[in-house]
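122 is the number that the numbering used here gives to position 80 of the sequence shown; each next residue is one higher, with no gaps. First up is the structure itself, then whatever we jot down about it.
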Amino acid sequence: MPGENLFARTMRAICAFLFALMLAGLCGQAQARLLADQPYHINDSGRLTTEVYVDGQGPFTFLIDTASSRSLIYEHVRARLGLVQSQPQMLTVYGINEKSSALPVRPKALSIGGEAIGGLVVGVLPDRADSTLDGVLGIDALARYFVVLDRAAMRLKLMTPDAPEARAYRDWDSIALAPRQLKNIPLDFWYVRLRFNGRPINTLFALGASVTMLNWPAAEVLGLHKRDFTRYGPPPVDIRDVLGADAPAVRVFDLQIEMPGVRWRKQTGLVSSAPVFEFFGLDEAPAAIVGPGLLRDNSLAVDFPGHRLYVG
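Structure follows, in structure tokens:
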């Protein structure tokens, strides 16, 4: 300003700088926060579900599945919302039980505890008479958050990785989460390196899997030889879509599964040539899948952006 001396101009510049810093700090605090906090449930099949609103309607019951490549809704939800096909090409959806072709739709937002997740192309699957689910909350919706599943309170929380509330979980035992893309879809799936009976095995982290599964290469590493079980024949016809058509599929007992600081004793798992191993490119090397069958009695915190799984 005209007539200002150097000291006055300097002090005004310092004050403006400090004010800008204060505003930046306040904006940072506003952005680093707890975004959603609501109940989750364990359904009759041992899988995790929570309530989701779609374009303001609902609530709908969604399965929480970190091994579903996309979020999904079933046909009755699409019809209720009047959603129409959003692109000419059908979607190929990879999930823990199947690889499916799905109609693409683009809702304005999926909302969890008030946190609106927009910009998703959601797949539509045919209704299933044996299911009470309305949809699936996939990795496309979850991967941007620090996700907490508080087992004691049965609460699902979504927060930014730098939220003050996230600090409490970083003292828990933890293990690296390694992202890996399938060849034909630009989405990461998440893997941990767990030890099964003392042997390290690459393991898909799949909250949609209600049972711990191993492929036959992993079983061979653990001393279970496929040739010794062929007499049992293939799985029953009604579950071959899950366990595969190839013989054999067997249940194993007394597995000890470990990560740094945490050990699960006397676990049960299934060994089979399940289609899911082929979907995720896990059919040739030793591999396993873990989800609520192993983890449902633990609280979990999943820092997807930071590539870390914390177990309470």
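Just so you know, even glycine gets a beta-carbon here, dropped at the ideal spot from N, CA and C.
Distance, Cα to Cα, residue i vs residue j?
| i | j | result |
| --- | --- | --- |
| M255 | L266 | 14 Å |
| D192 | K268 | 39 Å |
| A329 | V263 | 10 Å |
| T108 | R338 | 14 Å |
| V119 | A316 | 30 Å |
| S143 | G180 | 15 Å |
| P302 | P347 | 21 Å |
| L68 | F321 | Note that L68 has pLDDT 42, beneath the 50 cutoff, so the model's placement of it is unreliable and the number below is only indicative. Approximately 46 Å between the Cα atoms of the pair. |
| L184 | L342 | 14 Å |
| K150 | S128 | 12 Å |
| D204 | P242 | 31 Å |
| Q71 | E207 | Low confidence applies here, because Q71 scores a pLDDT of 44, under 50, leaving its location unreliable and the question unanswered by this model. |
| W306 | Q223 | 28 Å |
| E300 | N239 | 8 Å |
| F231 | F271 | 31 Å |
| G275 | R293 | 13 Å |
| A195 | V353 | 15 Å |
| L145 | S252 | 26 Å |
| H349 | L219 | 5 Å |
| F104 | G177 | 5 Å |
| K308 | R235 | 19 Å |
On the DSSP bridge assignment, give the partners of residue i in chain order.
| i | result |
| --- | --- |
| E157 | I154 |
| K141 | Y136 |
| V304 | M301 |
| D215 | V353 |
| T272 | DSSP, once it has assigned bridges, lists no residue as partnering T272. |
| Y187 | The partner list for Y187 (beta bridge, DSSP) is empty, contrary to what the question assumes. |
| T91 | H83, L105 |
| I115 | V166, G177 |
| Q223 | D230 |
| F247 | V332 |
| V294 | G311 |
| V126 | Bridge partners of V126: none, in fact. |
Does residue i come out as helix, strand or coil in the three-state DSSP assignment?
| i | result |
| --- | --- |
| L162 | coil |
| P334 | helix |
| P259 | helix |
| E326 | coil |
| P242 | strand |
| T174 | coil |
| D345 | strand |
| T310 | strand |
| T254 | strand |
| P206 | helix |
| P101 | strand |
| P146 | strand |
| A74 | coil |
| D192 | strand |
| R120 | helix |
| D288 | coil |
For the candidate residues the options, whose alpha-carbon lies nearest to that of residue i?
| i | options | result |
| --- | --- | --- |
| Y211 | W232, D296, V344, V163 | V344 |
| P324 | W306, V304, P302, A260 | Note that residue 324 corresponds to Leu in the displayed sequence, not to Pro. The residue with the shortest Cα to Cα distance from L324 is A260. |
| D215 | P101, V304, E320 | V304 |
| I159 | D182, A218, S173, N340 | D182 |
| P278 | A291, F295, S153 | A291 |
| F102 | D288, L175, Y274, E157 | L175 |
| L297 | G354, R237, D270 | R237 |
| D86 | Y187, V318, D172, L162 | D172 |
| E157 | R186, G177, S252 | R186 |
| N340 | L77, L145, V190 | V190 |
| I154 | Y233, I106, R209, W258 | I106 |
So with Cβ pairs under 9 Å, would you call residue i a contact of chain D?
| i | result |
| --- | --- |
| W214 | Chain labels in this structure do not include chain D; a single protein chain is all it has. |
Could you tell me whether the stretch 79 to 97 touches the stretch 317 to 337, using the rule of 3 or more Cβ pairs below 8 Å?
-> Contact between the stretch 79 to 97 and the stretch 317 to 337 is present, because at least three Cβ pairs lie under 8 Å.
Contact the stretch 237 to 247 vs the stretch 112 to 132: 3+ CB pairs below 8 Å = Short answer: they don't touch.
Three or more C-beta pairs below 8 Å linking the stretch 308 to 324 and the stretch 166 to 179 | no
Should the stretch 93 to 100 be regarded as contacting the stretch 118 to 132, the criterion being three or more beta carbon pairs within less than 8 Å?
-> yes
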